[in-house]
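Student: Per our numbering, residue 974 is the first one in the sequence shown, and the count goes up by one each step.
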Amino acid sequence: MKPKYYITTPIYYPSGKWHIGTCYTTVVCDALARFKRMDGYDVFYLTGTDEHGQKIEKYAAQAGTDPKTFVDGVVGELKKLWSKLNVKYDKFIRTTDEEHEKAVQKIFQKLYDQGDIYKSEYEGWYCTPCESFWTKTQLKDGKCPDCGREVQLTKESSYFFRLSKYQDRLIKLIEEDPDFLQPKSRRNEMLNNFLRPGLQDLAVSRTSFKWGVPVPFDDDHVIYVWIDALSNYITALGYGSDNEELFKKYWPADVHMMGKEIVRFHSIIWPAILMALGLPLPKKVYGHGWLMFGNDKMSKSKGNVVDPFILSDRYGVDSLRYYLLREIPFGADGSYTNYSFLARINSDLCNTLGNLLSRTTAMVNQYFGGTLPTEREGTEFDRELEEKINGVADKVRGFVDELQAPEALAAILDVAERANKYIDETTPWLLAKDPDKKARLSNVLYHLLEALRVVGKLLLPFLPDTGNRILSDLGLHDDGTFDGLTFGAVQYGKITKGEALLKRIDINKELVEMEKLAEPKEEKKEEPKVEQKPQNNAPKSHDEGPKPEILIDDFAKVELRVGKILTAEKVEKSKKLLHFTVDTGDRVRSIVSGVAKYFTPEEMVNKEVVVVANLKPATLGGVLSEGMILFAENEEGLATVEPGKPVGGGATVC
Ligand code: ME8
């Protein structure tokens, strides 16, 4: 029997406007669910919508309609988005589903009957956008500590859940089971900010509005939206209904995935409810970071929306999926810029993957009419690539088990990079000129096909279209499993030379187009002016004399990171400037330096350099520069400042 794997996203507020940050949790969970399915698990992937509460009531009123009509329309749009992004869930739950509402009432009744819910008076501060109650001391400058918005003083009769009763068990759970709440930073946050200072009982009903599940024994009250929402993880499986088969099969959840702002609800309130219900606890609650836009969390209310429909229509669904899965260090925040989005597509999908596919399929067609002869001659030189191919599946599996999608994708792309290098090393075009080298040539091309096959198959969960496209060019198809991920497992028929996987993007031109595409109501970001005075970008003379003393705090303002130079090229119409794309761990940056006199672009590629990462962006020679590379200068010229050994882009300099 297959082992089960139950994975959930939060259920989304049907706010009606989606940005690429909103898609993050769902795309990550989709990749994990697809991976586990292919890896032999019986997966249940749940997503849905959180449709009750004062906020939705307000949205509907603004739209001049009733809440149900409003949510019906918006939910349709959200489903279209998931379908567009190739998200394959097993169930989409709506909290307005009759079965869910009934089960929530049963849960409430049970907790009331056993004394875990009691009636009292509530006085506190309510944040409507977050649907959260706060005590005065919890407020930050009088505002909601989660979102910073205004809160309203609320006094009403309310039912309370005895959350305080579960405090000690919750502390023990989080302290003793390191797997339960991840990443580690969230554990400390929950323990230090909420659990150890002491939990208060939680108001779990409201009387000031009507759009919610009614308390079954008190018509004046509706059930607090978070109790209603969190219960979806079990009601979706039929808990509290006539048929609990799915619940028995899949509960407890293997992973509840969510953004870090709602970890508190999932790692404190939800387990306490489950403890009260006498149910097993989820195995893992994972709070990922945010996709930021500038320094803000991307959110509709802040007006900095990037439309996933526009991005995926223009650049391809897999480009957007790849960006979300690869670019943002999982668990930490990541910063979206149009540049880092386009640079990722160019460097990884076009250059590494697209080139490998088109070069390989072109050579098999050009040298052998599309079908490789079976006679092959291997050499010791092939072992390194073979070992890479053989080792990658376990590596990727390990990263997926740790929920580290960026590392998993990096490991897959690493095989493609190695294969590209293998082409340069084995020079098939020279082998093709020598009739005695046919068998060697056939073997070289076979290695490339094998690298592509394994890469294509492992990409399927992350980039389904791209994985399928690679397999289909090789005359293969997705068999729904990870079988045969070792070198030599397949013999090939006819290889197709298809269209390019993706067209290379002219980034500077496209950045202008992207600005035009931004919605008119989007906050217009001031284009940074051309700096006349060089930042370091044309390094200053070394002979500037001593500078005044500074305090350690002044130095601490400078964020220094190690950056790996991915590409380097001359800036058109400039004799001085070189344009680099640099992976600084947090993202890929565009950086311009005035060093063309000292270095060729080629010698800079792959160097690990020190970058000032928090320098205000500027435009140099018409190209965006998001940081400054440090150089050492003496009378003889410039030298790069590099770590003493390879440490990888993103290492901090301290
Ligand atoms: O919180 N970056 O729903 P939601 C990364 N209904 N993730 C982001 C993001 C960003 N910029 N913006 C949103 C709710 N998200 C509740 C959940 S569960 C019982 C109830 C993520 O629509 C966010 O962190 O506000 C969350 O994981 C998901 O989108 C849904 O958020």
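From the three backbone atoms N, C-alpha and C, an ideal C-beta is built for every residue, glycine too.
Label K1497 either buried or exposed according to how many other C-beta atoms from any shown protein chain fall within 10 Å of its C-beta, with 16 as the threshold for buried.
Tutor: Model confidence at K1497 stands at a pLDDT of 39, short of 50, so the residue's coordinates are unreliable and nothing is read from them.
Student: If you measure between the beta carbons of V1228 and C1002, is that distance less than 9 Å?
Tutor: yes
Student: Can you check DSSP and say which residues form a bridge with S1445?
Tutor: DSSP, once it has assigned bridges, lists no residue as partnering S1445.
Student: Check F1435 in the structure and name its three-state DSSP category.
Tutor: coil
Student: Could you tell me whether any non-hydrogen atom of the ligand ME8 is closer than 8 Å to the CB of M1163?
Tutor: no
Student: What's the C-alpha gap between A1511 and A1036?
Tutor: Note that A1511 scores a pLDDT of 39, beneath 50, so its modelled location is shaky; the value from the coordinates is reported in the next line. Roughly 54 Å separates the two Cα atoms.
Student: Regarding P983 and the ligand ME8, is the C-beta to nearest heavy atom distance less than 8 Å?
Tutor: Correct: P983 has its Cβ closer than 8 Å to the ligand ME8.
Student: Let me confirm a value: P1040 is counted as buried when at least 16 other C-beta atoms fall within 10 Å, else exposed. Which label applies?
Tutor: buried
Student: With DSSP collapsed to three states, give me the class of P1619.
Tutor: Secondary structure at P1619: coil, using DSSP grouped into helix, strand and coil.
Student: Say the cut is 8 Å; is the CB of I953 nearer than that to a heavy atom of the ligand ME8?
Tutor: This structure gives no information on residue 953, because the portion of the chain shown stretches from 974 to 1627.
Student: Should the region 1318–1338 be regarded as contacting the region 1009–1020, the criterion being three or more beta carbon pairs within less than 8 Å?
Tutor: no
Student: Quick one: using the 10 Å Cβ neighbour count with 16 as the cut-off for buried, is Y1295 buried or exposed?
Tutor: buried
Student: Just to confirm, are F1167 and I1246 a CB contact at a threshold of 9 Å?
Tutor: no
Student: In chain order, what are the residue ranges of uninterrupted beta strand (DSSP E) at least 3 long that sit wholly in the region 1194–1237?
Tutor: Whole beta strand (DSSP E) segments, 3+ residues: 1228–1232.
Student: Once you ignore the five residues that flank Q1125 on each side, which residues in its own chain have a CB closer than 6 Å to its CB?
Tutor: Cβ neighbours of Q1125 beyond the five flanking positions: Y1099.
Student: Between V1614 and the rest of its own chain, which residues show a CB-CB distance below 7 Å, the 5 nearest in sequence each way excluded?
Tutor: V1582, V1583, L1603, F1604, A1605
Student: Taking the alpha helix (DSSP H) that C996 belongs to, which residues open and close that run?
Tutor: 993–1011
Student: Comparing alpha-carbon positions, which option in G1453, S1331, R1356, L1418 lies nearest I1443?
Tutor: The residue with the shortest Cα to Cα distance from I1443 is S1331.
Student: Kindly indicate which three-state DSSP category F1134 falls into: helix, strand or coil?
Tutor: strand
Student: What do you get for M1601, buried or exposed, if any count of 16 or more other CB atoms within 10 angstroms of its CB means buried?
Tutor: buried
Student: Hey, is Y1465's beta-carbon within less than 9 Å of any beta-carbon in chain D?
Tutor: Here there is only one protein chain, and chain D is not present.
Student: Nearest to L1484 by CA position, among E1148, L1250, L1315, Y1018, is which residue?
Tutor: L1315
Student: Within the present structure, is the beta-carbon of F1435 separated from the nearest heavy atom of the ligand ME8 by less than 8 Å?
Tutor: no
Student: Got a sec? Which residues, its chain only, sit under 8 Å from G1621 by beta carbon, not counting five neighbours each side?
Tutor: Contacts found: V1535, K1537, G1558, E1581.
Student: When burial is assigned at 16 or more other CB atoms within 10 Å of the CB, is Y1091 buried or exposed?
Tutor: exposed
Student: List the DSSP bridge partners of R1562.
Tutor: V1555
Student: Excluding sequence positions up to five away, which residues of its chain have a Cβ less than 8 Å from the Cβ of P1187?
Tutor: Q1078, H1194, V1195, I1196
Student: Taking K975 as the reference, which of H1025, Y1223, K1031, S1105 has the closest Cα?
Tutor: Considering only alpha carbons, the answer is Y1223.
Student: Could you work out which residue in D1141, F1182, N1165, I1283 is closest to M1248 when comparing CA atoms only?
Tutor: That would be D1141, whose Cα lies nearest to the Cα of M1248.
Student: Does any heavy atom of the ligand ME8 sit closer than 8 Å to the C-beta of W1263?
Tutor: yes
Student: The ligand ME8 and T998: does the residue's C-beta get closer than 8 Å to at least one heavy atom of that ligand?
Tutor: Under cutoff, so the answer is yes.
Student: List, from N- to C-terminal side, the beta strand (DSSP E) runs of 3 residues or more that fit wholly inside the region 1255–1343.
Tutor: 1258–1261, 1264–1266, 1307–1309
Student: Let me check you understand the geometry: is the CB of D1070 closer than 8 Å to at least one non-hydrogen atom of the ligand ME8?
Tutor: No, the Cβ of D1070 stays beyond 8 Å of every heavy atom of the ligand ME8.
Student: Assuming I1362 and F1220 are in contact, meaning their beta carbons sit under 8 Å apart, how far apart are those beta carbons, in whole angstroms?
Tutor: Going by Cβ atoms, the distance from I1362 to F1220 rounds to 42 Å, so no, they are not a contact pair.
Student: On a CA-only basis, which of Q1111, F1043, P987 is nearest L1051? Give me that one, please.
Tutor: That would be P987, whose Cα lies nearest to the Cα of L1051.
Student: Whose C-alpha, out of D1321, A1586, L1418, H1450, is nearest the C-alpha of L1474?
Tutor: Measuring from the Cα of L1474, the nearest candidate turns out to be D1321.
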